[in-house]
Structure formats: structure tokens, C-alpha cells
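Residue numbers (UniProt numbering): 1 to 80.
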């Protein structure tokens, strides 16, 4: 089972699509680097994973627990 699973994640700001259709699975103990040019969505992805922003579409599962989905947003302070 993946410790982090992202499916179809999308986020837009003022009509500008920043993330579209992000899919990612990361196993426990895996090191991951997010690389890309300025404005490519790296910080936005991290903010969505931490619960600081709400995704427009898609889901985030952490340690088997759904923390973000189309009708679900668990705030960062409740993601233990």
C-alpha cells in the first residue's frame, strides 16, 4: 500500500490551471524530489498535500486515509 497516493489532482487560480491530472504514489521510505521551473506548481502541490489549499478536483490519501477529495477537505491541523 502506498503511504501517499494522489489521483487526478487539479488546482486553478483565477482561471489559470496550475495543476491538472496529477497522479502519484509514494511508498514508505522513498525519497522524492519535486523539480521544475518557477511557476510549475511545486509549491501548490505541497500546499495541497499539507491541507493549506483545497484541490479543485482529485484526491489525496495519506497512510490509507482520504484527506482530500471532491467533497472532502481535512484541514492541516487534523491530519495526524
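Even glycine gets a Cβ: it sits at the ideal position worked out from N, Cα and C.
In the UniProt domain "ABC transporter" (19–71), which residue ranges form an unbroken alpha helix (DSSP H) of at least 4 residues, counting only runs that do not cross its ends?
42–50
Measure the Cβ-Cβ separation of residue 48 and residue 68 and say whether it is below 8 angstroms.
It is a contact, given that the beta carbons lie within the stated cut-off.
Apart from the five residues on each side of it in sequence, which residues of its chain come closer than 7 angstroms, Cβ to Cβ, to residue 82?
Nothing about residue 82 can be reported from this structure: the residues present for the chain run from 1 to 80 only.
Sort 75, 74, 62, 79 by Cα distance to residue 3 and report the nearest one.
62
Using CA coordinates, which residue listed in 15, 36, 76, 39 is at the minimum distance from residue 54?
76
Measuring straight from C-alpha to C-alpha, what distance separates residue 17 and residue 42?
Answer to the nearest angstrom: the Cα atoms are 13 angstroms apart.
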